[in-house]
Every structure is written in structure tokens, then in C-alpha cells.
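Residues 428 to 513 in my numbering are what the sequence shown lists, from first letter to last.
Notes follow once the structure below has been shown.
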Amino acid sequence: MWLMLQEEVPEDFIIATGEVHSVREFVEKAFIHMGKTIVWEGKDEKEVGRCQETGVVHVKVDPKYFRPTEVGRCFLQCNLSLWWNV
């Protein structure tokens, strides 16, 4: 972070952990944090995430963003302008 703030010209930076997590995993962890359980029903763009305790559907797939096959891990070219060892 400190090196980014020292740049003379403002730039955009991506900070990442190198770990890959799905939206499903994020939603499941969020529900656990709230003390609830999410149940997945349906398949593909018809899949929904329903709260097991209340029966309310909280997650629906937007066909605009649906990917029928999971895209492999994407890699970005590292910006070495900060002289980081990668």
C-alpha cells in the first residue's frame, strides 16, 4: 500500500490474494455469518438460494451474468512498476 501512495503519477492498482472464490462460496459464508443456512434449488439459470429457516429466496441467477461453464482461473500480468518481487 505504501509503495502505491508514493507514486508521482496516480495509477489504478489491483490488490489480490491469489485465491479464487465463487459467488456461491461468498453467499454461503455470508449466511453462516448471519447464523442462517442457504439451500440451493434448481439448476443453471433457474437456480435460487433459499433461506432454510424462513423459506425466503434471497439469491437468483441473473441470465445476463450466467456462465454455463466455469471459466478457468484468470491471470493478470503483474505490474512491476512498484519493484515488487512476484
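Idealized CB from N, CA, C, for every residue including glycine.
Assuming VAL484 and GLU474 form a contact by the criterion Cβ under 8 angstroms, report the distance between their Cβ atoms to the nearest whole angstrom.
-> Cβ-Cβ separation between VAL484 and GLU474: approximately 10 angstroms, too far for a contact (criterion under 8 angstroms).
So who's on the other strand from GLU468, going by DSSP bridges?
-> In DSSP, GLU468 forms a bridge with VAL475.
Use the C-beta contact count for PHE493: other C-beta atoms within 10 angstroms, 16 or more gives buried, fewer gives exposed.
-> When all chains shown are included, PHE493 counts as exposed.
Pull up the distance between the alpha-carbon of GLY476 and that of ILE442, whole angstroms please.
-> Take the alpha-carbon of GLY476 and the one of ILE442: they are about 29 angstroms apart.
PRO490 versus GLU472: straight-line alpha-carbon distance, rounded = PRO490 and GLU472 have their C-alpha atoms some 6 angstroms from each other.
Using the DSSP secondary-structure output, state which residues sit across from VAL484 in a beta bridge.
-> VAL484 pairs with ARG477.
Do THR464 and GLU480 have their C-beta atoms within less than 8 angstroms of each other?
-> Yes, these two residues count as a Cβ contact at 8 angstroms.
Can you tell me the Cβ-Cβ gap for VAL454 and VAL486, rounded? I've got them flagged as a contact below 8 angstroms.
-> Contact between VAL454 and VAL486 holds, with the beta-carbon distance rounding to 6 angstroms and staying under 8 angstroms.
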